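Sequence positions in the sequence shown follow full-length UniProt numbering and run 1 to 115.
Here a beta-carbon is modelled for each residue, glycine too, at the ideal position from N, C-alpha and C.
Model, not experiment: these values are computed from the prediction.
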Amino acid sequence: MFCHLRPVRRLCLEKIFSPWFVYSRALSAAEAVNALRPFYFAVHPDFFGQHPKEREINENSLKRLSVYLENLQKPGFKSLKPTQLMFYVRGTDQNSSDGHEPFSTSELQMGRGRA
């Protein structure tokens with residue numbers, strides 16, 4: 001179905017979500033799911049059936065991301081330990097010049113970056 005997987009770029013989730021959680025703690029779970037839908041679609045383990053290692057990495061990382069986001073929405077949220085997750089992202093290029101898929105891991109950092 002998809003010939004290439006490309007690694008997600010190193011991102012700091014705090015930079016992406018911080019304005020939402022600082023200025024609007026009323027962000028509903030449904031709004032969070034809608035905001036993350038394109039990301040979930042790009043990394044969902046079901047799309048990695050032919051690649052068990054990459055599927056397992058994405059599955060475990062999505063579980064950890066889900067727990068992290070649930071904790072952010074709990075009343076009395078103070079701070080979470082910074083966490084790094086790795087994901088594989090489905091590529092859109094259907095043609096491979098060398099006939100194999102370029103796999104590499106990339107990190108998604110959640111929480112505060114290094115000081």
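Shown here for S61: same chain residues with a beta carbon closer than 7 Å to its own, the five before and five after excluded, namely L85, M86, F87 in chain order.
F87: member of the beta strand (DSSP E) spanning 83-90, first to last residue. Residues of the same chain with a CB within less than 6 Å of the CB of A42, apart from the 5 flanking positions on each side, are V89, R90 in chain order. In the three-state reduction of the DSSP assignment, L108 falls in the strand class. Considered as a whole, the region 44-81 harbours 52-72 as its complete alpha helix (DSSP H) runs of no fewer than 4 residues, in chain order. Between N58 and P45, the C-beta spacing is below 7 Å. By the beta-carbon neighbour count (other beta carbons within 10 angstroms, threshold 16), F77 is exposed.
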